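For this note's numbering, count along the sequence shown from 1 and bump the result up by 27. Glycine included, every Cβ here is placed at the ideal spot set by N, Cα and C. Computed from a predicted structure; not experimentally measured. To start, the structure itself, in structure tokens.
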Amino acid sequence: MEKTLFQKIADREIPAQIVYEDDRCVAFRDISPAAPVHILLVPRKPVTSLAAAGAEDAELLAHLMLKVGDIARAEGIAEGGFRTVLNTGADGGQTVPHLHIHIMGGRSMQWPPG
Ligand code: 5GP
């Protein structure tokens with residue numbers, strides 16, 4: 028099966044500014060940042076979206092959630108606060124079919140999002 032864009036980034040076939048990686052996930056700076064800090068955290072496993080995740084992914088999803096805080100602390104945005112976004116499907120605004128968590132901070136966020 029063709030690798031997803033984010034698999035290619037995780038495998039270093041496409042360059043990106045990687046800020047964290049381990050055996051299960053990779054985090055890198057968004058190419059088109061919507062905030063002073065804008066990181067994408069992706070599992071190495073190409074789960075298409077949150078809607079496609081299954082019970083077998085429970086531990087992986089928990090790992091990702093815990094890494095969000097670690098990355099936010101490392102980026103210096105944990106104390107001031109930050110936004111996490113997980114777009115799912117067309118109506119959710121998902122453009123890359125590989126589950127990813129946006130971690131955004133460094134400015135005050137608005138609510139509700141558009
Ligand atoms: P989505 O819209 O699917 O929630 O988010 C996809 C994100 O991936 C967007 O914020 C977009 O800027 C980012 N993106 C798309 N292509 C690339 C790329 O080649 N490299 C990096 N670092 N980010 C990308």
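Pick from E40, I41, A37 and V46 that is closest to A101, judged by C-alpha positions:
Ranked by Cα distance from A101, the options E40, I41, A37 and V46 are led by V46.
Under the DSSP definition of a beta bridge, which residues are partnered with V69?
Answer by DSSP bridge pairing, in chain order: V53.
Measure from the alpha carbon of E48 to the alpha carbon of each residue in H125, I98, T111 and W138, then state which is nearest.
Looking at the Cα atoms, I98 is the closest of the given residues.
For V112, report the span of its beta strand (DSSP E) as first-last.
F109 to V112 is the span of the beta strand (DSSP E), which, as asked, contains V112.
Buried or exposed, going by whether 16 or more other CB atoms sit within 10 Å of the CB of M131?
Around the CB of M131, 16 or more other CB atoms lie within 10 Å, so the residue is classed as buried.
Counterpart residues of V64 in DSSP-defined beta bridges:
Bridge partners of V64: G132.
Contact test: I98 Cβ vs the ligand 5GP heavy atom, cutoff 8 Å:
Distances taken from the Cβ of I98 to the heavy atoms of the ligand 5GP include none shorter than 8 Å.
Compute the Euclidean distance between the alpha carbons of Q121 and E83, then round it to the nearest angstrom.
Rounded to the nearest whole angstrom, the CA to CA distance from Q121 to E83 is 22 Å.
Beta-ladder partner(s) of E48, from DSSP
Bridge pairing for E48: V53 [DSSP].
Going by C-alpha to C-alpha distance, which of E40, P124 and D118 sits closest to P70?
Comparing Cα-Cα distances from P70 to each of E40, P124 and D118, the minimum goes to P124.
Measure how close the beta-carbons of L87 and R56 come, nearest whole angstrom, since I'm counting them as under 8 Å.
Their Cβ separation, rounded to whole angstroms, is 22 Å, which puts L87 and R56 out of contact at 8 Å.
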